[in-house]
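Quick notes on the structure that follows.
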Amino acid sequence: MFRRILAIFKRDLVSNFREFMLIYILIAPMLLAVGLRFFIPSVNATGLTFALDAGIDQKIAQVFEKYGEVELYDSREQLETRVNDIDDVTGLTIDQQGHYQVLIEGNESENIMPLILRNMNSDDQAAVNFEFSDIGYALSPVASVGTVSVIITAIVLSGMLIGLGIIEDKEAGTIGALSVTPMSRGEYVAGKSLVGLFLALTHAYLTLWILGMMHVNLWMVLVITFISSFIALIFGFVMGVISANQMAGMATMKILFLPVSASIVGALFLPDRLQFLLYWSPIYWSYLGLYGIIVETATWGQIVYYSLWIVGLTAVTFLLFKNRIRRGLL
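Using the numbering used here, read the sequence shown as starting at 1 and increasing by one per residue.
Here it is, written out as C-alpha cells:
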C-alpha cells in the first residue's frame, strides 16, 4: 500500500513540472517572497547613520555615536558621495572658518543632525532641550504580515495543485481506470494529499529562509503549517471534482481564494470586538498562529488552541463536501 501511495506522490511531483501553469504555481510563493524581501527593512536600516568629516573634533564624533553609527571620510567629495547614496545618511563637515556644515540630499525621512548640534551648543538654561531614547527594534509590519500572507498563499496553492492534478487525471481517464487496478480510492487520496503536505511545508520553510526569518520557532511553524494544510487539501479535492477542465479549475480557484483573502484582510482591519465574525474561517486561525510565531509572541498553548480551531472547522468542511468528493472520484 505504501508503495502505491509513494508512486502517486512521485508521479504528481514529476507531472507538476510538465506544464507552465503548474510550474508557475509551484514557484509563485517563492517569487512573492523574493519580491517582498526588497521591501523589508533590515535591522541596520532602522538605526541612524551619520557621515562625518575626519577632521572634525573627536568629541563631536563621540556625541554622534550616542545616537547612531558614525562613518568618517577624509574628503568632502567622499562625504558628498556617501550622502547621495540611496539610504538616509546626513553628513557633517567643517569649513575653513571653523563653521559646521550639514550636508543633506534633500529626500531624507529624518534629519536629526541639526537637532543634535543645537542640543550640543545649548546651555543648561535653554528654553528647549532635546532628549533621545532608544526604544529598540520592532519587526516591520511589512515583514510580519507579508511573511504570513506568503506562507498562507503557499499553503492554499499547494492544495490547488492537487485540484489541477485531479482534473488532469479525470481528463486522461486515470480515475476511471482505478477500478481495475489494485489501488484503492483511499490510497489515491493519500498519495495526492502527501504531495500537498510536502509542498506546503517546503514552501513555508523556503519563505522563512528567503525573508530571513529562520530565527523563529520552526517547530511551531511545522505544527501550524501541517494543520493548516488540511483545509487546503479539501479545497483542492473540491476544486478537482467539481471542475470539468483546467479552465474551470482556474475559475474555481479564484472563487476559493475569496474566503482566504477575506480572512487575512479581516484579521488585519477588523477591530477586536468584531473579530468573532471571522471565527468560521480556519484560515483566520492559521493567520493568528503564524503571525504570533513570526513576531515571536506565540506560546505553545496558543498554538494548540489555534490548531484545535483549525482541525474542528476543517472537519466540518470535510463533512459538508465528503459525499461530493466521493462521487467525483468514482
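All C-beta atoms, glycine included, are put in the ideal place defined by N, C-alpha and C.
The stretch 142 to 158 makes contact with the stretch 196 to 206, as at least three CB pairs between them are under 8 Å. Linking residue 186 to residue 283 through their CA atoms gives a straight-line distance of about 26 Å. Shown here for residue 245: not one same chain residue has a beta carbon closer than 6 Å to its own, the five before and five after excluded.
Counting only residues of its own chain and dropping the five nearest sequence neighbours on each side, residue 79 has a CB closer than 7 Å to the CB of 51, 53, 73, 91, 93 and 103. By the Cβ-count criterion, residue 147 is buried, with 16 or more other Cβ atoms from all chains shown falling within 10 Å of its own Cβ. Where residue 187 is concerned, the enclosing alpha helix (DSSP H) starts and stops at 185 to 210. Beta-bridge partners of residue 101 (DSSP): 93. At least 8 Å separates the beta-carbon of residue 280 from that of residue 310. Annotation for residue 247: no residue places its beta carbon closer than 6 Å to its own, counting only its chain and skipping 5 residues before and after. Shortest Cα-Cα distance from residue 24 to any of 11, 161 and 89 involves 161. Taking C-beta atoms as the reference points, residue 229 and residue 196 count as a pair closer than 8 Å. The residues 240, in chain order, have a CB closer than 6 Å to that of residue 166 in the same chain once the five nearest residues on each side in sequence are set aside. Cβ contact annotation for residue 216 (same chain, cutoff 8 Å, sequence separation greater than five): 208, 293, 294 and 296, in chain order.
Under a 10 Å Cβ-count criterion, residue 29 is classified as buried, with 16 or more other Cβ atoms of the shown protein chains found around its own Cβ. Annotated three-state conformation of residue 48 is coil, per DSSP.
Secondary structure at residue 73: strand, using DSSP grouped into helix, strand and coil. Separation of the CB atoms of residue 267 and residue 288 is rounded to 7 Å, and the pair is thereby assigned contact status at 8 Å.
Between residue 243 and residue 252, the C-beta gap is smaller than 8 Å, which places the two residues in contact. Under the criterion of beta carbons closer than 8 Å, residue 325 and residue 194 do not qualify as touching, at roughly 17 Å. In this chain, the alpha helix (DSSP H) harbouring residue 235 covers 218 to 242.
The Cβ atoms of residue 63 and residue 116 sit closer than 8 Å to each other. With distances taken between CA atoms, residue 95 lies nearest to 57 out of 57, 120, 221 and 306. Residue 273 and residue 265 have their C-alpha atoms spaced approximately 15 Å apart. Partner residues in the beta bridge of residue 53, as assigned by DSSP, are 73. Taking the CA atoms as reference points, residue 327 sits about 42 Å from residue 211.
In the three-state DSSP reduction, residue 307 falls in the helix class (H, G or I).
By the CB criterion at 8 Å, residue 77 and residue 49 fall outside the cutoff.
By the 16-neighbour rule on beta-carbons within 10 angstroms, residue 144 is buried. The Cβ atoms of residue 38 and residue 142 do not sit closer than 8 Å to each other. The beta carbon of residue 32 sits closer than 6 Å to the beta carbons of 150 from its chain, once the five residues preceding and following it are set aside; these are given in chain order.
In the structure shown, residue 168 adopts helical secondary structure according to DSSP, grouped into three states. Of 221, 249 and 120, the smallest CA-CA separation from residue 168 is found for 249. Straight-line measurement puts the Cα of residue 270 at about 25 Å from the Cα of residue 316.
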